[in-house]
Structure formats: structure tokens, C-alpha cells
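Quick notes on the structure that follows.
In my numbering, the protein residues as written are 459 to 847.
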């Protein structure tokens, strides 16, 4: 575990960390300078322990919201205010130079965006007053709530996405991963929330439609090419599927595997399974038959994904690693609510602030020394790195 303590840098500053790597921490900061709203993009050098300004913008519209995506050499910044246009800006990490700046106008009101790679952005637009009737017609034909566009920064071309699956899923259901240098998109297509799907199962004798969860895998470069060609179909592989009798839910990824939770409603059996993207192998990683009173704590988007059984009897918290962890740790409940365990040894916890105006609290417990340190600050987790700020 590596702890990076940069509280002295961020003393009484409102920052948002959006990316970390072995050398740097990247974050944004908004503040009002002389009556003007300023947005700063900054970098912290973990070796020299110095902060560097990458760039800053004066936000003429105080309602602008930023969305930031970091890549190896560049940063993509989206500024939007929920209307029919947005600014898409490409920045050099090295010196903050603007490599590309475009105002993109779409039909409808901005809903969300996702950078697929360094030069391709998915943009989702929902209904607004001016296009309410058109969106209703679009939904009745396709079943999609939003229009989806793919914007290419290299050609400055906006493509309307005709594939209904991509248009329907939205950014929350598209996950990205890289395996042995190849980039993939994981498309999550759940039928509904777990309770709703269970309700359909219990009343299945009245149901005559295919109620199904699917998880699809696409080669990212192939997917982008197909969307840019304006085709309605995309090349995808179904790696998990569950009909009305069961459930399939994405959990996370590591360097080679995608993990999902599979549950059978009739028996109540529940397992964590993995799909090896490189070899195509499916494997049961854990049977979630833990002791009565335990709860399963899911950690999503950790790399590697980790799964723990956590039991808290108000006096002692028991943590047992189930997937990608061999942790077997007990600590006093007063240390805080379990967040994660790193290196099978260090438990990171959070505690509620003493009052509304108090700073957030976190702690790191060392299971070997049975000692812990409390910090009156926020913490950001990235793999085996804990950033205190």
C-alpha cells in the first residue's frame, strides 16, 4: 500500500481528483476569483511533491459543469450546462496546450458523456421543450430515452448513433478495460433492478416476453469503426446472460478478467463468476454462502476487483477476502465503516463527521500491528494507493 498525504497542498481547498498514476495525481478546482468563476486543472508530482498548473479557464456561464477524462498524453474536458450545446476541449498533459476546442450542438438537452478513447466521445441528449414531441416519437419507435452521438476529435465529425443498444444503455452501462494492450467495451444490459426482476419471476406464469439480463463484450476500435459507419448493428459477444429465472450483474475488472454476480431465484444460490477476456474462460470465483449475519461488500471498479464478506456486530468488524484477497481481519467497530482492504493487511475505513460543518473522517488500520491512524480529511482510492487530501 502507498499513502500519499497531500493535505498541506489542499488545505481549505475544494478539489476533485479525477486520475492518478505512479508518477502524478490529477485534479480540478473551482473557485471564485474577483467575482469570476475559475476552473483550474492541476497536477501533483508524487516524487517532487510539487503542484503544477496545467491550465485554467474563466467560466463565463456559472452553470457550467465539467466532465474530465484523462489519458496517457492528453486530457479531455467537457463543459456543459444541460442545454443543447457543449464545449469539448482537448488538452496536452505536458504543457496545458489546447490541442482541440469545439462547440458541439446536438438535438435535445445534455444528459451525459463518456470518452471511449483519446479522440472519441459518446454524447447522450435527452428531451427538451423544443423537441419533446420528436423524442416521444423516437422512444415509441426505438425504446430509447436519449439520442446518442459519437464525436471524433480527429475529424471533428459528429456521428448519430443508430445502434439501439448503445443508444439505450447510456454512459453508466458502458465500462472500458484494456487487456494485453487491446481496448474493450463492456456493455451492461440488465432488464431492471433486482427486486423488479424478482417480482417478474414470482409472476412468471403471466409473462410471455423474454425478460433477460445480458453482458456484452466488444473490441473498442471495432465498435468505434462500426458506429462511425452509421450502421445499426455492432459486433459483440455475449459473455453472461440470465433469463427471468436468474440474475446477472457486472461487478468489476482486473488486468484480464471481467467479474459478474450470478443468482438463481428459485434456490437463492449466488456466485461471483469471472470471464477471462483473453482466453475466453469462464470460472466460478466465489460462492456467496457466508455465515448468517454477514453481508457481502461489493467494491466496483477496483483494479483488481475485490470482494469481501464483512460482518459488524457493533463491537467488532470481521473482514474476510473472497475474491482477489486473502484478508482475514478483525478490528473494533469504532475504527469506522469498512471501505476496502489493501495488501491483505491494511483496512481503509470512513467515519461520519462529528457535525454538519466538520471535515470528513477516514482511518487506516494495520492488522499486523493492530494500530490505526485517523485522518480528518477526504481519501481517494486508486488500486493500492490511498490519497489523503
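Cβ coordinates follow ideal geometry from the N, Cα and C atoms, glycine included.
Query raised in the report: At which residue ranges does the segment 535–582 contain complete beta strand (DSSP E) runs of 3 or more residues, listed in the order of the chain?
Result: 543–550, 556–563 and 567–575
Requested in this report: Give the secondary structure of residue 611 by DSSP, where H, G and I count as helix, E and B as strand, and everything else as coil.
Outcome: The residue you call residue 611 lines up with position 153 of the chain shown. In the structure shown, residue 611 sits in coil (DSSP, three-state: anything other than H, G, I, E or B).
Query - From 796, 795 and 466, residue whose alpha carbon lies closest to that of residue 508 - result: One-based indexing of the chain shown puts residue 508 at position 50. Considering only alpha carbons, the answer is 466.
**Report entry** Inter-stretch contact at 8 Å, needing at least 3 Cβ pairs: the segment 506–525 / the segment 537–548
**Finding:** yes
**Report entry** Boundaries of the alpha helix (DSSP H) in which residue 593 is found, first to last residue
**Finding:** Taking the chain shown and counting its residues from 1, one reaches residue 593 at position 135. Run containing residue 593: 590–600, per the alpha helix (DSSP H) assignment.
Requested in this report: Just the C-alpha distance for residue 721 and residue 711, rounded to the nearest angstrom, thanks.
Outcome: For this step, residue 721 is matched to residue 263 along the chain shown. For this step, residue 711 is matched to residue 253 along the chain shown. So the two alpha carbons sit approximately 19 Å from each other.
Query raised in the report: Apart from the five residues on each side of it in sequence, which residues of its chain come closer than 6 Å, Cβ to Cβ, to residue 495?
Result: Your numbering for residue 495 matches position 37 in the chain shown. For residue 495, where only same-chain residues beyond five positions count, the Cβ hits under 6 Å are 517 and 520.
Requested in this report: Please state whether DSSP places residue 659 in a helix, a strand or coil.
Outcome: Residue mapping note: residue 659 aligns to position 201 of the chain shown, counting from 1. Note: residue 659 maps to helix in three-state DSSP.
Query raised in the report: Cβ of residue 621 within 8 Å of Cβ of residue 680?
Result: Position 163 of the chain shown, counted from the first residue, corresponds to residue 621. Position 222 of the chain shown, counted from the first residue, corresponds to residue 680. Against a cut-off of 8 Å, the Cβ pair of residue 680 and residue 621 comes out as no contact.
Report task. With DSSP collapsed to three states, give me the class of residue 631. Result -> Translated into positions along the chain shown, residue 631 becomes position 173. Looking at residue 631 - three-state DSSP - the assignment turns out to be helix.
Requested in this report: Please state if the CB of residue 533 and the CB of residue 502 are separated by a distance shorter than 8 Å.
Outcome: Here residue 502 corresponds to residue number 44 of the chain shown, with the count starting at 1. Here residue 533 corresponds to residue number 75 of the chain shown, with the count starting at 1. Not in contact: residue 502 and residue 533 (Cβ atoms no closer than 8 Å).
Requested in this report: State the Cα-Cα distance for the pair residue 676 and residue 570, rounded to the nearest angstrom.
Outcome: Taking the first residue of the chain shown as position 1, residue 676 is located at position 218. Taking the first residue of the chain shown as position 1, residue 570 is located at position 112. Each residue's alpha carbon lies about 21 Å from the other.
Query raised in the report: Would residue 515 pass as a contact of residue 500 if the rule is Cβ separation under 8 Å?
Result: The residue labelled residue 515 in the question sits at position 57 within the chain shown. The residue labelled residue 500 in the question sits at position 42 within the chain shown. Their beta carbons are not under 8 Å apart, which means residue 515 does not touch residue 500 by this criterion.
Query raised in the report: Between residue 673 and residue 697, which are expected to be in contact by the criterion C-beta below 8 Å, what is the C-beta distance as a whole number of angstroms?
Result: Position 215 of the chain shown, counted from the first residue, corresponds to residue 673. Position 239 of the chain shown, counted from the first residue, corresponds to residue 697. Yes, they are in contact, since the Cβ atoms of residue 673 and residue 697 sit about 6 Å apart, within 8 Å.
Query - Local Cβ density within 10 Å of residue 549, reported as buried at 16 or more and exposed below that - result: Here the question's residue 549 lines up with position 91 in the chain shown. By the 10 Å Cβ count, residue 549 comes out buried.
Query raised in the report: What residue range is occupied by the uninterrupted alpha helix (DSSP H) comprising residue 681?
Result: For the purposes of this step, residue 681 is taken as the residue at position 223 of the chain shown. 678–686 is the extent of the alpha helix (DSSP H) around residue 681.
**Report entry** Under 8 Å between C-beta atoms of residue 611 and residue 542
**Finding:** Start at 1 with the first residue of the chain shown, and residue 611 comes out as number 153. Start at 1 with the first residue of the chain shown, and residue 542 comes out as number 84. For residue 611 and residue 542, no; Cβs fall outside 8 Å.
**Report entry** Beta-carbon proximity of residue 730 to residue 739, cut-off 8 Å
**Finding:** In the chain shown, residue 730 corresponds to position 272, counting from 1. In the chain shown, residue 739 corresponds to position 281, counting from 1. Not in contact: residue 730 and residue 739 (Cβ atoms no closer than 8 Å).
Query raised in the report: DSSP state of residue 800, grouped into three classes?
Result: Numbered from its first residue, the chain shown carries residue 800 at position 342. Of the three classes helix, strand and coil, the one that applies to residue 800 here is strand, per DSSP.
Requested in this report: Would you identify the three-state DSSP class for residue 623, choosing helix, strand or coil?
Outcome: To locate residue 623, count along the chain shown from 1; it is residue 165. Here residue 623 sits in helix by DSSP.
Query - Beta-carbon separation (whole angstroms), residue 824 vs residue 460, contact threshold 8 Å - result: Walking along the chain shown from the start, residue 824 turns up at place 366. Walking along the chain shown from the start, residue 460 turns up at place 2. Contact flag wrong, Cβ pair sits at about 14 Å.
Query - Member of 486, 481 and 584 whose CA lies at the smallest distance from the CA of residue 468 - result: As a working note, residue 468 is residue 10 in the chain shown. Nearest C-alpha to residue 468: 486.
Query - residue 845, buried or exposed, once every other Cβ within 10 Å from all chains shown has been counted against 16 - result: Working through the chain shown from its first residue, we reach residue 845 at position 387. Flag for residue 845 reads buried.
Query raised in the report: Thinking C-beta only, is residue 808 closer than 8 Å to residue 797?
Result: Reading the chain shown from its first residue, position 339 is the one you call residue 797. Reading the chain shown from its first residue, position 350 is the one you call residue 808. In contact: residue 797 and residue 808 (Cβ atoms closer than 8 Å).
Query raised in the report: The beta strand (DSSP E) spanning residue 696 covers which residue range?
Result: In the chain shown, counting from the first residue as 1, residue 696 sits at position 238. Run containing residue 696: 695–700, per the beta strand (DSSP E) assignment.
Query - Top-ranked residue by Cα proximity to residue 838, from 806, 826 and 829 - result: The residue given as residue 838 occupies position 380 in the chain shown. Residue 806 is the option with its Cα nearest to residue 838.
Query raised in the report: Thinking C-alpha only, which one of 706, 577, 567 and 572 is nearest residue 584?
Result: Here the question's residue 584 lines up with position 126 in the chain shown. Cα-wise, what sits closest to residue 584 is 567.
Query raised in the report: Is it right to say residue 648 is buried, meaning 16 or more other beta carbons lie within 10 angstroms of its own, or is it exposed?
Result: The count along the chain shown starts at 1 and reaches residue 648 at position 190. Per the 10 Å Cβ criterion, buried.
Requested in this report: Can you give me the Cβ contacts of residue 734 inside the same chain, cut-off strictly under 6 Å, excluding the 5 residues immediately before and after it?
Outcome: Your numbering for residue 734 matches position 276 in the chain shown. So the list reads 714 and 715, once near-sequence residues are dropped.
Query raised in the report: Excluding the five sequence neighbours on either side, which residues of its own chain have a C-beta within less than 7 Å of the C-beta of residue 560, listed in chain order?
Result: Sequence index remark: in the chain shown, residue 560 carries index 102 (1-based). Closer than 7 Å at Cβ, skipping near neighbours: 546 and 614.
Requested in this report: Compute the distance between the beta-carbons of residue 799 and residue 817, then report whether it is under 8 Å.
Outcome: Sequence index remark: in the chain shown, residue 799 carries index 341 (1-based). Sequence index remark: in the chain shown, residue 817 carries index 359 (1-based). No, the pair does not count as a contact, with Cβ atoms beyond the cut-off.
Query - Pair within 8 Å by beta-carbon distance, residue 833 and residue 821 - result: Sequence index remark: in the chain shown, residue 833 carries index 375 (1-based). Sequence index remark: in the chain shown, residue 821 carries index 363 (1-based). Going by C-beta atoms, residue 833 is nearer than 8 Å to residue 821.
**Report entry** Supposed close pair residue 682, residue 574 - CB separation, criterion 8 Å
**Finding:** For the purposes of this step, residue 682 is taken as residue 224 along the chain shown, with counting starting at 1. For the purposes of this step, residue 574 is taken as residue 116 along the chain shown, with counting starting at 1. That belief holds up - the Cβ atoms of residue 682 and residue 574 are roughly 6 Å apart, short of 8 Å.
Query raised in the report: Cα-Cα, which of 785, 504, 478 and 476 is closest to residue 801?
Result: Counting from 1 along the chain shown, the entry for residue 801 is found at position 343. The shortest C-alpha separation from residue 801 is found at 785.
Query - Distance between residue 463 and residue 737 (C-alpha atoms, nearest Å) - result: Position 279 of the chain shown, counted from the start, is the residue given in the question as residue 737. Position 5 of the chain shown, counted from the start, is the residue given in the question as residue 463. Taking the straight line joining both Cα atoms gives about 40 Å.
Query - Span separating the alpha-carbon of residue 766 from that of residue 746 - result: Here residue 766 is taken as the residue at index 308 of the chain shown, counted from 1. Here residue 746 is taken as the residue at index 288 of the chain shown, counted from 1. Those two C-alpha atoms are separated by around 10 Å.
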